[in-house]
Amino acid sequence: MIPPIASKFVAGESAAEALDHARQMNDDDVAVILNLLGEHYDERGPADEDADVYVELVEDIASTGLDACVSVKPSQIGLDVGDEVFEENYRRIAEAADEHDVFLWCDMEDHETTDVTLDAFEELAREFDGGMGLCVQANLKRTPDDLERLADVPGKIRLVKGAYDEPAAIAHKKKSKVDEVYTDLLEFLFDEYVGGIAVGSHDPKMIAAARELAAEYDRDYEVQMLMGVREDAQRELAAEGVRVWQYAPYGGKWFQYFYRRVRERKENALFALRAVVGI
Ligand code: FAD
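Going left to right, the sequence shown walks through residues 1 to 279 as the UniProt record's numbering numbers them.
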């Protein structure tokens, strides 16, 4: 069982618990993106098994009628085993998602995976004519070109700042530069991109920029934030009528994810400490 200290960031160990979490968030008008924790499998077995879980999960989301969708990681569904294993599993999940009308996101991992992830997404998004979204990272210097390429691809783009420590030759390293590029890319999306726009950020400045651009270009957008991070803001935005999606990970491999969340910010570490000492 997941200890209460970790359950702020992780929606349980089982799919049933994760769906239950989605139901609770839906009550506050927040939709939920479910992600089964797992990555970097170097054998086909676990990659296929996690793909099976996603297929079942989209069926469960459809049958429960929850306002929820799923997000997969390429290395979770076979990319480290081989491009073709990833492509086969991605296609299998995309077919199930399309059949059950459940939205399918693909996370973006480190820069060595960008080309194959983009190619696979573009092929499937064109074939299924949307219903799918891809995460792109503002810190990578290549991203403006990638967004030009994706401009007429149906689906959605989740713009994030980028979570991986990439080499300076290919990535912006200064936070102020990443923030500047993020807002430029956001403007490009509002201006040129045919599909849906997701602001994958907890940053009030990026969310305010999206709000202004939406008014200027008269376009919709959505905000995506992680479970356990600025949840008050998630509810407030939803109450104001912004479409908010909470990214909620679940599954047996919760410890590593929880540890990352606690290490990355003082607020999260303080929360964990309070839970331990009971204050
Ligand atoms: P930061 O630049 O970290 O912080 C800016 C401001 O936001 C802070 O000053 C503060 O005001 C506020 N803030 C941020 N965190 C907190 C907090 N914990 N508590 C209170 N206030 C806070 N990265 C990838 O590389 N690939 C992915 O597929 C991917 N998917 C993601 C999906 C979602 C839904 C989200 C939200 C992020 C995802 N990321 C992904 C991570 C992303 O790249 C960033 O590393 C991460 O979101 C931190 O950047 P930020 O824009 O949220 O805010």
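Virtual Cβ for every residue (Gly too), placed ideally from N, Cα, C. Note that this is a predicted model, so its numbers are computed, not measured.
Integer-rounded CB distance, given that residue j should sit under 8 Å from residue i
i: Leu140; j: Ala171; result: 5 Å
i: Leu36; j: Tyr250; result: 7 Å
i: Asp107; j: Lys73; result: 5 Å
i: Ala96; j: Met132; result: With 8 Å as the limit, Ala96 and Met132 do not qualify as a contact, their Cβ atoms being about 12 Å apart.
i: Ile33; j: Trp105; result: 6 Å
i: Ile157; j: Val136; result: 6 Å
i: residue 355; j: Ala125; result: Since the first residue of the chain shown is 1 and the last is 279, residue 355 is not available in this structure.
i: Val30; j: Gln246; result: 5 Å
i: Gly38; j: Lys253; result: 5 Å
i: Arg92; j: Val55; result: 6 Å
i: Asp98; j: Phe128; result: 5 Å
Whether residue i touches residue j by CB criterion (7 Å)
i: Gly12; j: Ala6; result: no
i: Tyr217; j: Phe258; result: no
i: Ala120; j: Tyr90; result: yes
i: Val102; j: Ala51; result: no
i: Glu192; j: Ala151; result: yes
i: Gln234; j: Val244; result: yes
i: Ile207; j: Val223; result: yes
i: Met227; j: Ala248; result: yes
i: Pro154; j: Gly200; result: no
i: Asp115; j: Asp80; result: no
i: Leu213; j: Glu236; result: no
i: Gly78; j: Val85; result: yes
i: His21; j: Ser75; result: no
i: Arg219; j: His202; result: no
i: His111; j: Glu59; result: no
i: Ala15; j: Leu57; result: yes
Three-state secondary structure assigned by DSSP to residue i
i: Lys156; result: strand
i: Ala6; result: coil
i: Met25; result: helix
i: Glu222; result: strand
i: Ala11; result: coil
i: Ile207; result: helix
i: Arg265; result: coil
i: Ala120; result: helix
i: Arg230; result: coil
i: Ala214; result: helix
i: Asp145; result: helix
i: Asp165; result: coil
i: Ala125; result: helix
i: Ala151; result: coil
DSSP beta-bridge partners of residue i
i: Val181; result: Bridge partners of Val181: none, in fact.
i: Trp254; result: DSSP output for Trp254 lists no bridge partner at all.
i: Arg243; result: Glu222
i: Ile197; result: Ile157
i: Pro249; result: Asn35
i: Leu140; result: Ala171
i: Gly133; result: Trp105 and Lys156
Chain D contact for residue i (CB, 7 Å cutoff)
i: Gly65; result: Judged by its chain identifiers, the structure shown contains no chain D, having just a single protein chain.
Residue i Cβ short of 6 Å to ligand 2 heavy atom set
i: Tyr90; result: Ligand 2 is not part of this structure, which contains only ligand 1.
Whole alpha helix (DSSP H) elements within the region 37–118, 4-residue minimum: 44–64 and 83–100
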